[in-house]
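Asks:
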Amino acid sequence: MTTPLTHFDAQGQAHMVDVSAKAETHRVAVAAGEIRMQPQTFALIASGTARKGDVLGVARIAAIQGAKRCSDLVPLCHPLPITRVKVEFDLDEAGSRVLCRAQVETLGRTGVEMEALCAVQVGLLTIYDMCKAADRGMVIDRVRVLEKQGGKSGDWRAAV
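Okay, so the sequence shown: first residue is 1011 according to our numbering, each after it adds one.
#1: For the region 1068-1078 against the region 1013-1032, are there 3 or more C-beta pairs whose distance is under 8 Å?
#2: Using a Cβ-Cβ cutoff of less than 7 Å, which residues in the same chain neighbour Met1011 once the five nearest sequence positions on both sides are dropped?
#3: Go to Ala1168, then tell me how far its alpha helix (DSSP H) extends in each direction, as first and last residue.
#4: If you count every other CB in all the chains shown that lies within 10 Å of the CB of Val1170, and 16 or more means buried, which is it?
#5: Measure how close the beta-carbons of Glu1157 and Val1040 come, nearest whole angstrom, since I'm counting them as under 8 Å.
#6: Per DSSP, which one or two residues make a beta bridge with Gly1105?
#7: Apart from the five residues on each side of it in sequence, which residues of its chain come closer than 7 Å, Cβ to Cβ, to Asp1082?
#8: Whole angstroms is fine: what's the gap from Ala1020's alpha carbon to Ala1129's?
#9: Would you call Arg1037 buried or exposed, if buried means 16 or more other Cβ atoms sit within 10 Å of its Cβ?
#10: Within a Cβ cutoff of 7 Å, which residues of the same chain sit near Asp1064, ignoring the five residues on either side of it in sequence?
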């Protein structure tokens, strides 16, 4: 019986997948997630008056850096020549949460889903780090891939 887990060889040993035979194509991945917090913490972020400065501005740069450094963090992830990273934050006052969405693109032999997920996680972790003095109970949640485009397996979108 073969396994759909491509990061293991026939003997069950972890390995980096050989992508040398794959065609270079334009690949895109979009991931999203959120961080929930107390209303007072949300107000600090929304007003830009957090003691450490522009929380979302710093988190955006951190998210971009997270996408770029993904292969340093995830052991079997290929280092990729990323051609674009777009990070957006949406403020949901009613839910006291910040939503993060990252789109990552490359022209390469493997997809950028991991880079998009890393971007979201690092962006949200940065928000936590910058605001933890005000609210240690923040919760990072719902981090997931929303869509991917390109490659042999084609396009995919998450069910709503």
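Every residue, glycine too, gets a C-beta built ideally from N, C-alpha and C.
Replies: By the coordinates alone:
#1: Too few Cβ pairs lie closer than 8 Å, so no.
#2: Taking the sequence shown and counting its residues from 1, one reaches residue 1011 at position 1. The predicted model places Met1011 with a pLDDT of 43, which falls under 50 and marks its position as unreliable, so this point remains unresolved.
#3: Position 158 of the sequence shown, counted from the start, is the residue given in the question as residue 1168. Membership of Ala1168 in any alpha helix (DSSP H) is not indicated, and neither H nor E is assigned to it by DSSP.
#4: On the sequence shown, position 160 is the one that residue 1170 refers to. With fewer than 16 Cβ atoms within 10 Å of its Cβ, Val1170 is classed as exposed.
#5: Counted from its first residue, the sequence shown places residue 1157 at position 147. Counted from its first residue, the sequence shown places residue 1040 at position 30. Their Cβ separation, rounded to whole angstroms, is 5 Å, which keeps Glu1157 and Val1040 in contact under 8 Å.
#6: Along the sequence shown, read from residue 1 onward, the residue named residue 1105 stands at position 95. None, per the DSSP bridge assignment.
#7: Here residue 1082 is taken as the residue at index 72 of the sequence shown, counted from 1. Excluding positions up to five away in sequence, the list is empty.
#8: Position 10 of the sequence shown, counted from the first residue, corresponds to residue 1020. Position 119 of the sequence shown, counted from the first residue, corresponds to residue 1129. Going by the C-alpha atoms only, they are around 32 Å apart.
#9: Numbered from 1 along the sequence shown, position 27 holds the residue referred to as residue 1037. Buried, by the Cβ-count rule.
#10: Position 54 of the sequence shown, counting from 1, holds the residue named residue 1064. Taking Asp1064 as the centre and dropping the five residues before and after it, the same chain places the C-beta of Gly1058 closer than 7 Å to its C-beta, in chain order.
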